[in-house]
Amino acid sequence: MTAVIISGLEVSASIRNELKARAATLATRGIVPHLEVILVGNDPASISYIKSKQKGAAEVGIVANTTHLPADTSERNIIELLDRLNADAAVDGILVQVPLPAHIDTEKVLYHISPEKDVDGFHPVNLGKLLRGEPCFLPCTPHGIQQMLMRCGYDPAGKHVVICGRSNLVGKPLAAILLQKKKGANATVTVVHTGTVHLPSFTRQADILVAAMGSPGCITADMVREGAVVIDVGVNRVPDPTKERGYRLVGDVDFEAVRGKASAITPVPGGVGPMTVTMLLQNTIEAAERKEGHA
Ligand code: GUN
């Protein structure tokens, strides 16, 4: 079997067209969705992600402003900036790029974003609502995975989804999304992690296997059931002297081996990554619509 390649770029393009139309409707009412991004320090991956977010925002008609603070910025400085942005009625969405430098308490900063402007869906109020199945901003990467599955014809309902990795960013919220008794969910969900004994015995049971451990190429073909749908969330930089920039991006899945066994697979890059940005854009437009009482 050779897997179908699930293109996050193609799914993103079609969602972004829908978002452009929604932004255009808002524009007829004089509303331009406004996103504020805070970047602290010079982590190269964070800088690259933020460039994609800025570019995507411009493409769909969102004004995005990035405040780039030096790595030694105090926690108080960030909290004060968040106070101003929380209080500014012109701002629809606020995002603080993580990871933050070690001297900053990440929880304290993320919890300081107003839940109504938390377009990343990281605030405990939004995560709590997600767990309860109430309307809220969904975290962008897990929401993007759900959208990609649905729009490519892989409805998770009734399927066994095995998620490798229990991060707050991906594994835990994805499990919460896919186990809801709702359209695009209703799956049987297993989460495996570093404490799991004999992990391959679980991954081999997956109809849909999600790799989100942050470990390059660690899902090998023997860990995958013939015909499974494989979603690779990993974005790992591995040294590659043949590349001008000195590295290449690889996922958590041994792509070449697993594509011979899976029925469908996401590539890295061009899979989950663009979907994360697209769902951030969607949350920002939703925030602007909600504020005006349209949603
Ligand atoms: N770092 C890696 N992914 C993300 C994300 O989706 N949002 C934020 N704020 N930081 C990240």
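Read in order, the letters of the sequence shown are residues 59 to 353 in the working numbering. Glycine residues also receive a C-beta, built at the ideal position from the N, C-alpha and C atoms.
- For T334, the Cβ falls inside the 8 Å cut-off from some heavy atom of ligand 1.
- T252: not part of any alpha helix (DSSP H); DSSP gives it neither H nor E.
- Secondary structure of Y169 (DSSP, three-state): helix.
- Following the DSSP letters along the chain, one finds G331 inside the alpha helix (DSSP H) bounded by residues 330-349.
- The beta carbon of P157 sits closer than 8 Å to at least one heavy atom of ligand 1.
- Contact check between the region 168-179 and the region 326-346: three or more CB pairs, one atom from each, fall below 8 Å, which counts as touching.
- With contacts defined by Cβ atoms closer than 9 Å, A279 and S225 do not form a contacting pair.
- A residue is called buried when at least 16 other Cβ atoms come within 10 angstroms of its Cβ; H161 does not meet this threshold and is exposed.
- Using a cutoff of 8 Å, the CB of D178 counts as near ligand 1, since one of the ligand's heavy atoms is closer than that.
- Where P200 is concerned, there is no enclosing beta strand (DSSP E), although the alpha helix (DSSP H) around it starts and stops at 198-209.
- Distance between N244 and E302, taken at the CA atoms: about 45 Å.
- The region 261-318 contains, as complete alpha helix (DSSP H) runs of 4+ residues, the segments 313-316 (chain order).
- The alpha-carbon of G151 is positioned some 42 Å away from that of H256.
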